[in-house]
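Enquirer:
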Amino acid sequence: MDALNVRFMEVVSKMAASKTAFAAELDISQGVLTHIGTGRNKPGVELLQKILQAYPTIRAEWLLMGNGEMEKEVVADTTALKNTLQLAESRLQNAMLDLKLVTELITEVKQKLP
25 MDALNVRFME
35 VVSKMAASKT
45 AFAAELDISQ
55 GVLTHIGTGR
65 NKPGVELLQK
75 ILQAYPTIRA
85 EWLLMGNGEM
95 EKEVVADTTA
105 LKNTLQLAES
115 RLQNAMLDLK
125 LVTELITEVK
135 QKLP
């Protein structure tokens, strides 16, 4: 089997829960996937583009040429993540306070009803 086909099938194995799920996600038939997996056909340019769009961590150079690692190194900006987390926590606390006030108001209104 061609090296490109092997790399293609590595992506299938690593990125998808199943071959069926992979085929569905890329909108290809099971037959196309089988033919690539057996080496009968090579993946076309459009299919390779679909992979790179569906799985942005896959490196194009690796997929096409076999150079380097399969996946890009994802470097998280920890400061931005911490700030986002703090903002989310603050909003959650405010929402909880609002909920408590609304609940108290509902209780008061219910008590005033006959």
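Position in the sequence shown (first residue = 1) + 24 = our numbering. Note that beta-carbon positions come from the ideal geometry of N, C-alpha and C, so glycine has one too. Just so you know, these numbers come straight off a predicted model, no measurement behind them.
1. Using the C-alpha atoms, what's the distance from Lys43 back to Pro80?
2. What does Glu95 pair with, by DSSP beta-bridge criteria?
3. Whether or not the region 61 to 81 and the region 36 to 52 are in contact is what I'm after, with contact meaning three or more pairs of Cβ atoms, one per stretch, closer than 8 Å; do they touch?
4. Take the Cβ of Leu87 as the centre, count every other Cβ of all protein chains shown within 10 Å, and call the residue buried at 16 or more, exposed below.
5. Mark Arg115 as exposed unless 16 or more other C-beta atoms lie within 10 angstroms of its C-beta, in which case mark it buried.
6. Report yes or no: do the region 54 to 65 and the region 28 to 37 share at least 3 C-beta pairs separated by less than 8 Å?
7. Indicate the three-state DSSP secondary structure (helix, strand or coil) for Ser37 in the structure shown.
Expert: Working from what's here:
1. What you label residue 80 is simply residue 56 of the sequence shown in a count that begins at 1. What you label residue 43 is simply residue 19 of the sequence shown in a count that begins at 1. Their Cα atoms are separated by approximately 19 Å.
2. As a first step, residue 95 must be located in the sequence shown, where it is residue number 71. Beta-bridge pairing links Glu95 to Ile82.
3. yes
4. As a first step, residue 87 is located in the sequence shown; it is residue number 63 there, counting from the start. Burial call: buried.
5. Sequence index remark: in the sequence shown, residue 115 carries index 91 (1-based). By the 10 Å Cβ count, Arg115 comes out exposed.
6. yes
7. Stepping through the sequence shown from its first residue, residue 37 is reached at position 13. In the structure shown, Ser37 sits in a helix (DSSP, three-state: H, G or I).
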